[in-house]
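Input: a single structure, listed below in structure tokens.
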Amino acid sequence: MVRSANLGFPRIGARRELKHAVEAYWKGECSADRLKAIGAELRTRHWQLQQDAGIDVIPSNDFSFYDQMLDMAVTLGAVPPRFAALADADPLDLRFAMARGTDDAPAMEMTKWFDTNYHYIVPEVSADQRFELRDPKPVAEVREARALGIQTRPVLIGPITFLMLSKAQDGTAPLSLLGRLLPIYRQLLNRLADEGAEWVQVDEPVLALDLPASAQDALRTAYAALADERPALMLTSYFEGLGDNLALAAGLPVAGLHLDLVRGAQDLTPALTLVDRDRVLSLGLIDGRNIWRANLRDTLKTLQVAIAARGPERLQVAPSCSLLHCPVDLTRETELDAELRGWLAFAKQKLEEVAVLARAAHGTSTAIEDALDDAHMAATRRRTSARTHDRAVADRLASVQTRDMERRSPFAERRVKQQARFDLPPFPTTTIGSFPQTREVRKARAAHRRGDMDDAAYEAFLKAETERTIRAQEDLGLDVLVHGEFERNDMVEYFGEQLNGFAFTRAGWVQSYGTRCVKPPIIYGDVSRPAPMTVAWSRYAQSLTDRPVKGMLTGPVTILQWSFVRDDQPRSATCFQIALAIRDEVADLEAAGIGMIQIDEPALREGLPLRTADRAAYLDWAVDAFRLAAAPVADATQIHTHMCYAEFNDIMDAIAGLDADVISIETSRSHMALLDAFAVFAYPNDIGPGVWDIHSPRVPSSDEMVALLTKASAAIPRDRLWVNPDCGLKTRAWPEVAAALKAMVSAARSLRHAK
Ligand code: GLN
Ligand code: ZN
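Position 468 (the sequence shown) corresponds to 468 in the numbering used here; numbering is contiguous.
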């Protein structure tokens, strides 16, 4: 029998109940007992929902009050010594302390989970690391589900992924700790078996990466040691095909193997022969990373290929990965029109798709035929709809030439013209774009949305904020000003709302980290720009001052990266469409007299494919898209770009390829270490290394900034340095902003005088 399985369900709740409860707990407005009760309610609701959807294999331990990696670290006893004081505290408080820090102990580091927008807590290990089975949450969840009459397959992060994603401050290679870690996993597996778990899902997504020999060996060692434990192991990997790791994965002595057949469709054929017939093969056929409804007729064909090769006995159908990366329930999206809604599936609907596929494998009924027909019809309509295809966009894209991506002259020539035009002092000062989104700004926006504030009043309010910000910048003595971005809710949503081809959900929240959720726009159709988006605000701001005001745009790669993207054409095609829309905006800003235009690309690096072999192709089109957006302007128009904290070393070619006249980057926390990549590369254009860590409420002194800039001028010629904060100021308060920018301007001035 083909069985339907799930690898993980979003825990946040359809109404973000978990977020609200945890935040209330942090504020002291909700007791620990109440918070735990809400967690239990959510788990129960989600288990039952999966059962009702017809899922045979239901996960447990996919729930977390903060993060599953953090939970795993606590379960394995990998609690950094600085949190020892909380050893006897409620495990909930220990976790929150580790994630958020305390007065005495800084928070643990957080970073992106593979190529998703989910962030996990980075486990810390050291040479004298001891592991122990502590707070066996996975066991408790199996028991809890069983008490409800639901048999679950608990999810664990596998030992190799756990170690490879851990960090050791003392230079220990985390994998060298495997020998100490495996007994704890064995103990845990035994406890799970005692609790009645017949299967355990072990997540090893590192199998989607290029694996050094040491990691391959570690995988063999680990699974040789774990495979004889009682619960059968379903080894899962996702986010990319297994590719050259398939033979390795198929050779591990585990009872089941899961394949992401959305990202790694090419794994199926070899897997059908490589994976022994006595193993269970889990086919990840439903896209866990996107929101499109599947064409189940097509998907069923793939399933039938597998059945024909191996018989139905040891097959499972599943989403490609955990559904953590999808919004919870489409039925709440009552404001989307019926046609568009008919093209979508969120977590709950995806499980229904999985269940239909598994049942369809055993012969059909009218209900199943109807479900397959509906899905097929929706897919056909989406493919052929006039809403997804705009002839003018396709024609324009087809006519793009290489020269459309090139500025008229090389940087050296542009620079001379820009210097003549703007006549800026050395170490020119500027900011990244946004100014404080104060409570008043957010209140006015909410009132306007609700209809309690009319358009005219809202516009007058925004104009007053903008003018105040222009005056403040003039008073502070900044050289290049910004308008402050008060009219923007979010740097992607603001543009998406004004572009064709985008849709917005009411409650399509996805967990980003901890209690933080994002609501990505959905790009469903060809993208075009019906009208200018930012020109009026930039023109207004520029009219208030003689100093240059930068026009402020979000770049095509970042808009793409922070949205759910259509799956019926390559991501690059969608990115180029967005680039053309931004290009028109750039041209219009220039025509309106705006002399400097910043195109933010903070997400350039996070779009990097997981496998190195795929990276060059991505960087090529990502850079081309930016250039297409930035290129229409005259030499004397200055293009800026901005990137947040990132590892720049391995993408320096791409960064230089953008050919922005000025790039601002986040460097202050790293004490300018990130600037080394630019120095080593001999980056040719202007750079503004951030001198103020805007993530912290702390206001640095002018002397500190001078020290940072002195360090920077040792690495980069001083006539190419700009002076700016790390990132936008929207989360800061005005008093901090005024004090820090004052110190920043004074730092720049003292450097101008120093020779
Ligand atoms: N211009 C944006 C701002 O200042 C840039 C934000 C970002 O880089 N994430 O808010
Ligand atoms: Zn930034």
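Using N, Cα and C, we set each Cβ at its ideal position, and we do this for glycine too.
Query                                                                                                        : Result
Cβ contact check for the region 611-622 and the region 662-669: 3 or more pairs under 8 Å                    : no
DSSP-derived helix/strand/coil call for Q187                                                                 : helix
In DSSP terms, what M405 is bridged to                                                                       : Note: M405 sits in no beta bridge, so no partner.
Any non-hydrogen atom of the ligand ZN within 7 Å of D642 CB                                                 : Note that residue 642 is His in the sequence shown, not Asp. Checking the Cβ of H642 against the ligand ZN gives yes.
6 Å Cβ shell around L330 - same chain, five flanking residues per side excluded                              : L344, F346 and Q349
Local Cβ density within 10 Å of D71, reported as buried at 16 or more and exposed below that                 : buried
Sequence-distant residues of the same chain with beta carbon closer than 8 Å to W199, five excluded per side : V57, R153, P231, A232, L233, M234, A255 and G256
Stretch pair the region 382-394 + the region 671-683: three plus CB contacts closer than 8 Å                 : no
Contact the region 715-727 vs the region 687-706: 3+ CB pairs below 8 Å                                      : yes
Alpha-carbon to alpha-carbon, A318 and S282                                                                  : 7 Å
N6 vs V354 beta-carbon contact at 8 Å                                                                        : yes
Length of the line joining the Cα atoms of V482 and W537                                                     : 10 Å
Cβ-heavy atom distance, E666 to the ligand ZN, below 7 Å                                                     : yes
heavy atom of the ligand GDP below 7 Å from G196 C-beta                                                      : This structure simply doesn't include the ligand GDP; it includes the ligand GLN and the ligand ZN instead.
G8 in three-state terms, based on DSSP                                                                       : coil
Near the ligand ZN: I432 beta-carbon under 7 Å from a heavy atom                                             : yes
P602 Cβ short of 7 Å to the ligand GLN heavy atom set                                                        : yes
The ligand GLN heavy atom lying under 7 Å from the CB of M491                                                : yes
Among D228, T554 and A215, nearest to Y185 - alpha-carbon criterion                                          : D228
Segments of 4+ residues assigned as alpha helix (DSSP H) that fall wholly inside the region 585-644          : 615-630
Sequence-distant residues of its chain with Cβ nearer than 8 Å to L478 (five each side left out)             : T429, T430, T431, R547, L741 and V745
Opening and closing residue of the beta strand (DSSP E) in which D128 lies                                   : Here D128 belongs to no beta strand (DSSP E), and DSSP marks it neither H nor E.
Inter-stretch contact at 8 Å, needing at least 3 Cβ pairs: the region 522-540 / the region 550-557           : yes
Supposed contact pair I582 and P757 - C-beta distance, whole angstroms, cut 8 Å                              : What the structure shows of the chain is the stretch from 1 to 755, and residue 757 is not part of that stretch, so it cannot be assessed.
Complete runs of the alpha helix (DSSP H) confined to the region 689-752 [at least 4 residues]               : 702-715
heavy atom of the ligand GLN below 7 Å from C727 C-beta                                                      : yes
The region 171-189 in contact with the region 58-70 per 3-pair CB rule at 8 Å                                : no
Residue range of the unbroken beta strand (DSSP E) whose run includes S322                                   : Where S322 is concerned, there is no enclosing beta strand (DSSP E), given that its DSSP letter is neither H nor E.
D91: first and last residue of the uninterrupted alpha helix (DSSP H) it sits in                             : According to the sequence shown, residue 91 is Pro rather than Asp. Run containing P91: P91 to R100, per the alpha helix (DSSP H) assignment.
Unbroken beta strand (DSSP E) run spanning I523, endpoints                                                   : I522 to S528
Identity of the residues DSSP links to G284 by a beta bridge                                                 : D260 and A318
Backbone secondary structure at P548 - three-state DSSP                                                      : coil
Where the beta strand (DSSP E) through Q511 begins and ends                                                  : V510 to Y513
K348 - containing alpha helix (DSSP H), residue span                                                         : A347 to A360
Euclidean distance between Cα positions of Y437 and R732                                                     : The identity of residue 437 in the sequence shown is Gln, whereas the question assumes Tyr. Answer to the nearest angstrom: the Cα atoms are 8 Å apart.
Rounded straight-line distance, which links the Cα of A14 to that of A107                                    : 28 Å
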